[in-house]
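Each number in this note's numbering corresponds to the 1-based position in the sequence shown with 26 added.
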Amino acid sequence: MRQNRVEPNNPAEVVLSDAMKPYPECYLVSLNGLKAIRLFAGIAHRRPLAAALCGLLVLLMRAAELPRLPIPEPGMHDEFSYLLAADTFASGRITNSAHPMWKHFESFHILQLPYYESMYPPGQGLLLAAGQAFLGHPWWAVYLSMGLLCCCLCWMLQGWLPPGWAFLGGLLIAMRIGVFSSWMNSYWGGAVAGIGGALMFGALPRLEKRPRVRDAVLLGLGLAILANSRPYEGLVASIPVAAALLWRPSRRALVPVAIVVSIAGAATAYYCWRTTDHPFRMAYQLNRETYQTVPFFLWEHPTPEPVYRHAVMRQFYTVWAPNFQNVIHQNTLSGWLDAAVGKGQVEWQFYLGWALSVPLLMLPWTLRDRRMRFWLFACPMFLLGLALERYTHPHYLAPFVGVLMVLLIQGMRHLWVSRWGRYVVAVVVLACVGGFVQQVVSPRVPYPYPGNLQRARILRQLEGTDGQHLVMVHYGADHDIHREWVYNRADIDRAKVVWAREMSPAEDQELKDYFRDRKIWVVDADEAEPRLTAARPAVRLQSNIAP
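Rendered as structure tokens:
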């Protein structure tokens, strides 16, 4: 059978083709009269169209699932914190003044002093604020960002791989995490840092071959996004990129990157100054110093237990946090290895699964390719940086999702040229498509979807009534610390509904006096069907008071 060679016309592909000369079949496309293959190849070589279709697939499929998977409600601590940032930005403010009754409003991942604000960098909050301000709901920005993420990842792969393989990679990642993952179906984040990483790693091979201002600006923009979404992981990801740029310095590339990074750095320093009164101190650092006892990095030492005013917060920071992912024992080799295995399983289940693990078996051959030598240097750097963190979640690795796809697709290319490899690649792709179809037929979205529906139900109930309301939240002794209710709008005094923790009778009465013009309710969050009860004066519920 006559095979037609698809000549690469992307500068990055020219270099890659030299590295793959022993494997010319990597560029072979068997037309064989099959319209589907012709169509796929035709789309793949129209690079902007291919990237756009990867994003469009995600948006259309998630929109089609809305009747069965409606817009999620926030449920996790992090989600409420990001939504507070969104409400703050959408209100035209960078931060909020501390509230006089702040002790009743203390909650996880939120600062009350010196300002009332989210502890997280502003990237995710700005995204959600755009959805709230311009689209009517924060989730619509999450929805659009996931489509943009898959579009950017396909664009990134086009810089490292031939167009057909890049298009395949974009489709695989769209099916794997684009529609049914927690990134799409929560407010937790992931897409913002993923976009930053895709822009940075996608611009690099283009700049190495043909320095252009456009690509330099995109690389700088990727760095800025990472600095304001996942600062530490973004720093780890950017070190090899900076080394590659400086190895062959190009004024046409470095100057635009420096300008974009300088502007973004000044804006970030200003944001830190407004939120912590110091340009080089993040709200995240201040929050951890205020509440945490277990340090984030391995080289740090535990800190003395601070004063906790609420039992549920003390349980979270002194019981759950030290035992999550075995962080309290990670200073020993055995403890670190146990934790690494557990964290690796979480990341493997999110990003790969069994089917996409197969191409990674070709990693020793993949990293020998001349075009892949950058990853031979960069990947150990990434792994070392991530190994120094005590905690991890899939969205922590969002800057590296494109890196994983480059190595995975290059492994598929090596499989493709082996004797039986084409059948293996076909089985892998069919398994991914089959898993996606199964999700479409019977959607199963992971936790935290659909969020805290009970709190959302009561909030809608109160928002549908006249006047303003104060809800005093009571937890039982066996309360699930991950089902938090006490979160508020950026402007607490003007909010329709204010959520507060019960404390001592005197403190509760002081709070009620402050909100004397509101209807005051009590809700037991641990009932099977929580309901509102009119508050009695100075009710004391000891289980909510930290010892």
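Glycine residues also receive a C-beta, built at the ideal position from the N, C-alpha and C atoms.
Are the CB atoms of residue j and residue i within a distance shorter than 9 Å?
{"i": "residue 387", "j": "residue 405", "result": "no"}
{"i": "residue 419", "j": "residue 367", "result": "no"}
{"i": "residue 455", "j": "residue 198", "result": "yes"}
{"i": "residue 488", "j": "residue 522", "result": "yes"}
{"i": "residue 474", "j": "residue 166", "result": "no"}
{"i": "residue 100", "j": "residue 478", "result": "yes"}
{"i": "residue 349", "j": "residue 136", "result": "no"}
{"i": "residue 459", "j": "residue 438", "result": "no"}
{"i": "residue 176", "j": "residue 200", "result": "yes"}
{"i": "residue 529", "j": "residue 129", "result": "yes"}
{"i": "residue 148", "j": "residue 303", "result": "no"}
{"i": "residue 536", "j": "residue 172", "result": "no"}
{"i": "residue 218", "j": "residue 424", "result": "yes"}
{"i": "residue 496", "j": "residue 544", "result": "yes"}
{"i": "residue 78", "j": "residue 189", "result": "no"}
{"i": "residue 21", "j": "residue 505", "result": "Given that the chain is displayed from residue 27 to residue 573, the structure contains no residue 21 and the question cannot be resolved."}
{"i": "residue 105", "j": "residue 205", "result": "no"}
{"i": "residue 10", "j": "residue 268", "result": "Missing from the structure shown is residue 10; the chain here goes from 27 to 573 and no further."}
Just the Cα atoms here: how many angstroms apart are residue i and residue j?
{"i": "residue 381", "j": "residue 202", "result": "11 Å"}
{"i": "residue 87", "j": "residue 81", "result": "10 Å"}
{"i": "residue 494", "j": "residue 512", "result": "16 Å"}
{"i": "residue 259", "j": "residue 220", "result": "11 Å"}
{"i": "residue 446", "j": "residue 72", "result": "30 Å"}
{"i": "residue 325", "j": "residue 334", "result": "25 Å"}
{"i": "residue 383", "j": "residue 461", "result": "14 Å"}
{"i": "residue 163", "j": "residue 434", "result": "36 Å"}
{"i": "residue 301", "j": "residue 396", "result": "46 Å"}
{"i": "residue 351", "j": "residue 360", "result": "13 Å"}
{"i": "residue 555", "j": "residue 549", "result": "10 Å"}
{"i": "residue 257", "j": "residue 146", "result": "10 Å"}
{"i": "residue 540", "j": "residue 261", "result": "45 Å"}
{"i": "residue 422", "j": "residue 64", "result": "38 Å"}
{"i": "residue 235", "j": "residue 186", "result": "11 Å"}
{"i": "residue 306", "j": "residue 374", "result": "35 Å"}
{"i": "residue 229", "j": "residue 274", "result": "15 Å"}
{"i": "residue 309", "j": "residue 62", "result": "52 Å"}
{"i": "residue 338", "j": "residue 377", "result": "33 Å"}
{"i": "residue 238", "j": "residue 231", "result": "11 Å"}
{"i": "residue 168", "j": "residue 532", "result": "43 Å"}
{"i": "residue 464", "j": "residue 180", "result": "24 Å"}
{"i": "residue 51", "j": "residue 195", "result": "Confidence at residue 51 is low in this model, with a pLDDT of 42, below 50, so its placement is unreliable and the value that follows should be read with caution. Roughly 18 Å between the two C-alpha positions."}
{"i": "residue 485", "j": "residue 296", "result": "35 Å"}
{"i": "residue 89", "j": "residue 357", "result": "46 Å"}
{"i": "residue 363", "j": "residue 466", "result": "37 Å"}
{"i": "residue 354", "j": "residue 369", "result": "14 Å"}
{"i": "residue 431", "j": "residue 472", "result": "22 Å"}
{"i": "residue 501", "j": "residue 317", "result": "20 Å"}
Can you name, in chain order, every residue of its own chain whose Cβ lies under 8 Å from the Cβ of residue i, other than the five neighbours on each side?
{"i": "residue 125", "result": "131, 138, 142, 518, 519"}
{"i": "residue 246", "result": "282, 283, 284, 285, 286, 287, 290"}
{"i": "residue 233", "result": "241, 242, 245, 271, 276, 279"}
{"i": "residue 341", "result": "507"}
{"i": "residue 319", "result": "328, 329, 330, 331, 332, 343, 344, 347, 348"}
{"i": "residue 144", "result": "107, 108, 110, 111, 114, 135, 136, 137, 151, 309"}
{"i": "residue 174", "result": "81, 217, 221"}
{"i": "residue 577", "result": "Limits of the chain in this structure are 27 at one end and 573 at the other, which puts residue 577 out of reach."}
{"i": "residue 298", "result": "304, 305, 306, 307, 308, 309"}
Which residues in the same chain as residue i place their Cβ atom closer than 6 Å to its Cβ, once the five residues preceding and following it in sequence are excluded?
{"i": "residue 44", "result": "Low confidence applies here, because residue 44 scores a pLDDT of 38, under 50, leaving its location unreliable and the question unanswered by this model."}
{"i": "residue 227", "result": "182, 428"}
{"i": "residue 49", "result": "Unreliable positioning characterises residue 49 in this predicted model, as indicated by a pLDDT of 39, which lies under 50. The coordinate reading is nonetheless provided below. Excluding sequence neighbours, residue 49 sits near 443."}
{"i": "residue 482", "result": "99"}
{"i": "residue 553", "result": "none"}
{"i": "residue 103", "result": "134, 135, 510"}
{"i": "residue 559", "result": "548"}
Here's a check: name, in chain order, each residue in its chain whose Cβ is nearer than 7 Å to the Cβ of residue i, leaving out the five neighbours to either side.
{"i": "residue 265", "result": "407"}
{"i": "residue 294", "result": "253, 254"}
{"i": "residue 441", "result": "385, 388, 447, 450, 451"}
{"i": "residue 480", "result": "556"}
Taking 8 Å as the cut-off, is the C-beta of residue i nearer than that to any heavy atom in the ligand SAM?
{"i": "residue 82", "result": "In the structure shown, the ligand SAM is absent, as is every other ligand, since no ligand is present at all."}
Task: Three CB pairs or more closer than 8 Å across the region 148–161 and the region 100–118 - done: yes
Task: At least three beta-carbon pairs within less than 8 Å, the region 102–109 to the region 139–154 - done: yes
Open item on the list: Under 8 Å, with one C-beta from each stretch per pair, do the region 205–225 and the region 398–415 reach the 3-pair mark?
Closed with: no
Task: In chain order, each alpha helix (DSSP H) run of at least 4 residues that lies wholly inside the region 387–440 - done: 389–392, 399–413
Task: Length at least 4, wholly inside the region 106–185: the alpha helix (DSSP H) runs in chain order - done: 148–156
TODO: Go through the region 72–102 residue by residue and report every complete run of the alpha helix (DSSP H) that reaches 4 residues or more, in order.
DONE: 73–90
Open item on the list: So within the region 450–510, which uninterrupted alpha helix (DSSP H) runs reach at least 4 residues, ignoring any that extend past its ends?
Closed with: 479–489
Open item on the list: At 4 residues or longer, what runs of the alpha helix (DSSP H) sit wholly inside the region 301–377?
Closed with: Listed in chain order, the complete alpha helix (DSSP H) runs (minimum 4 residues) inside the region 301–377 are 309–317, 337–341, 359–377.
TODO: Give, in chain order, every unbroken run of the alpha helix (DSSP H) that is at least 4 residues long and sits entirely within the region 526–552.
DONE: Here the runs fully enclosed are 531–540.
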